[in-house]
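Before any comments, here is the structure.
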Amino acid sequence: MLEWAVPPGAGPPPYIHHDQAETFYVVEGQLEVRAGDFLHVSKGSPHSFINRSQAPAKLIATFVPAGNAEKFFREAMDETTDRNATPPSLDDAMIQRMMAAAERNGVEILPPPQG
């Protein structure tokens with residue numbers, strides 16, 4: 006289980022979990038869904054989200070079966086960072102760390118949509 010603070014205008018690039026289904030529960034704010042919404046994404050399905058509002062949003066994500074996604078986040082992100090702080094800008098080192106962690110853990114990061 007992962008609690009995720011999403012600042013205004015933020016969200017991950019499109020991605021796929023090849024080995025796990027993912028569910029999202031929006032605790033507060035909105036992410037093109039509203040607080041109280043629950044979303045299930047089957048394994049192998051491309052997905053993403055973005056906070057288009059002016060206020061922070063918070064979600065809880067779960068992964069079934071547990072394992073690879075949690076390992077991906079531990080390897081790709083700096084666990085010493087305040088979870089509620091604005092995420093650091095993506096620099097080349099972070100992108101390389103994320104791509105390597107994704108490949109090892111059944112996560113495929115997709116290019117942004119065109120247009």
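Residue 6 is where the sequence shown starts when you use this note's numbering, and the numbers rise one by one after that.
For glycine and all other residues, C-beta sits at the position ideal for the given N, C-alpha and C.
Decide yes or no for the touch test of the stretch 15-23 against the stretch 53-72: beta carbon pairs closer than 8 Å, at least 3 of them. yes
Would you please state the rounded distance, in angstroms, between the beta carbons of Val31 and Ala62? I believe it to be under 8 Å. 7 Å
Along the chain, where does the alpha helix (DSSP H) containing Phe77 start, and where does it finish? Asn73 to Ala81
Just the C-alpha distance for Val38 and Leu44, rounded to the nearest angstrom, thanks. Val38 and Leu44: Cα-Cα distance of roughly 9 Å.
Who are the near neighbours of Asn73 in its chain, counting only those whose CB is closer than 8 Å to its CB and skipping five residues on each side? His22, Asp24, Gln25, Asn110, Gly111 and Val112
Would you mind stating whether Glu27 and Ala66 have Cβ atoms separated by less than 7 Å? Their beta carbons are under 7 Å apart, which means Glu27 touches Ala66 by this criterion.
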